[in-house]
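Residue numbers (this note's numbering): 54 to 338.
Where is the CB? At the ideal position from N, CA and C, for every residue including glycine.
What you are looking at is a predicted structure, and each value in this text was computed from that prediction instead of being measured.
The structure appears below as C-alpha cells.
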C-alpha cells in the first residue's frame, strides 16, 4: 500500500478517538447536560478536520487506483479498503444488512436471494428459544436499569444501549429468517447464517449429502482439523454436505477459511437432502 502513510495513520487513530467522543457529546446534549460552548466547538472542529483528512486520503487513493487502470467503482472500493480497516468495513456492512433484513422481515417481502426454481432451506427456528431468552434478558435489563439508575446522563446511556440491544437481538433473528440456505436450481448451494456468513458452493461441486444430526460446540464457520466447516444453529447440525473439492469463504469477522465439507442445520433435513440430490444430480450419479 502506497500513499501518505502519516496521514493514513492519523486518520485511523482519529476516527477511533473522535467518533466515541462525538457520540458522548450527543448523549450529553440529549440528557440536558450543559456543554461549554468552547468544548462543543472544539469537538465539532476536530470531527470536521478528521472528515476533511479522510476525504483527502480517499481522493488521493482513488486517483492512484484510477491511474493503475481501475474503473471508478473499483477504484472507490479499493480506496475505501486502503483507508478503512477490514473489521470496521465488515461490521458496518453487517449493521446495514441487519437493518435491511429487519425491514424485509417486518414488511414480509419474502426470503432474500431466492430465485425462481431455487429451494429455500430455513434454519431460524432452531435458535428461536435461545433468541427469546436473549430478548427477555435484554428487555428486563433495560427496564431494571431504567428504574435503578438515578443519574440522568447514565440513565440515558443505559436506555440507549438497552434499546439497541433489544433491536439487535430481533434484527439478528430476522436476518436468519429472511436469509435461509438456498439450494439453487442449477445445483449450487448457498449456506448462510443471517448477515454474518455467506458461503457459495458452485454447481457441480457437491459430491454427497446426507441427514446427519450432530451437536458441535463451535462458532458458525469454524473449520476442524479434517477440513469440515460447522454451521450449527442452536448448537446442532442436521445435514452433512461433502464437496468434490474445497471452497474458500469468509468467516464472520473477516478471516478467510477453506473447507471440503459442511455440516449445517436445516429445519427439515430429509427434504433438504432430497432437494439437493435432485438439483445437483446426485441421484443420477
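Residues near residue i in its chain [Cβ-Cβ closer than 6 Å; skip 5 each side]
i: residue 223; result: none
i: residue 64; result: 106, 107 and 110
i: residue 155; result: 224 and 227
i: residue 170; result: 238
i: residue 142; result: none
Other residues of its chain near residue i: CB distance less than 7 Å, five sequence neighbours each side excluded
i: residue 215; result: 191, 194, 195 and 198
i: residue 323; result: 264
i: residue 249; result: 147, 273 and 305
i: residue 83; result: Annotation note: pLDDT 47 at residue 83 (below 50); position unreliable, coordinate value reported separately. Answer for residue 83: 209, listed in chain order.
i: residue 178; result: 320
i: residue 334; result: 240
i: residue 175; result: 233 and 320
i: residue 173; result: 164, 167, 233 and 235
Alpha-carbon to alpha-carbon, residue j and residue i
i: residue 303; j: residue 200; result: 43 Å
i: residue 106; j: residue 149; result: 25 Å
i: residue 188; j: residue 212; result: 15 Å
i: residue 134; j: residue 203; result: 44 Å
i: residue 131; j: residue 266; result: 42 Å
i: residue 316; j: residue 286; result: 10 Å
i: residue 242; j: residue 59; result: 45 Å
i: residue 218; j: residue 151; result: 13 Å
i: residue 99; j: residue 144; result: 24 Å
i: residue 269; j: residue 278; result: 14 Å
i: residue 124; j: residue 137; result: 20 Å
i: residue 116; j: residue 61; result: 15 Å
i: residue 103; j: residue 129; result: 19 Å
i: residue 246; j: residue 95; result: 43 Å
i: residue 290; j: residue 271; result: 11 Å
i: residue 121; j: residue 112; result: 14 Å
i: residue 158; j: residue 288; result: 24 Å
i: residue 168; j: residue 114; result: 37 Å
i: residue 309; j: residue 326; result: 27 Å
i: residue 161; j: residue 153; result: 12 Å
i: residue 221; j: residue 126; result: 31 Å
i: residue 101; j: residue 207; result: 27 Å
Test item: CB-CB of residue i and residue j under 9 Å
i: residue 314; j: residue 280; result: yes
i: residue 251; j: residue 260; result: no
i: residue 234; j: residue 181; result: no
i: residue 230; j: residue 328; result: no
i: residue 118; j: residue 239; result: no
i: residue 292; j: residue 256; result: no
i: residue 283; j: residue 276; result: yes
i: residue 330; j: residue 262; result: yes
i: residue 183; j: residue 253; result: no
i: residue 307; j: residue 232; result: no
The beta strand (DSSP E) enclosing residue i, as first and last residue numbers
i: residue 299; result: 290-303
i: residue 322; result: Residue 322 -> not in any beta strand (DSSP E); alpha helix (DSSP H) instead, spanning 322-333.
i: residue 173; result: 172-174
i: residue 306; result: Here residue 306 belongs to no beta strand (DSSP E), and DSSP marks it neither H nor E.
i: residue 283; result: 281-284
The alpha helix (DSSP H) enclosing residue i, as first and last residue numbers
i: residue 135; result: 125-136
i: residue 269; result: Per DSSP, residue 269 belongs to no alpha helix (DSSP H) and is neither H nor E.
Cut-off 8 Å between Cβ atoms - residues of its own chain near residue i, not counting five sequence neighbours on either side
i: residue 185; result: none
i: residue 297; result: 257, 258, 259 and 260
Item to check | Complete runs of the beta strand (DSSP E) confined to the segment 180-255 [at least 3 residues] | outcome: Taken in chain order, the complete beta strand (DSSP E) segments of 3 residues or longer contained in the segment 180-255 are 234-236, 242-246 and 250-254.
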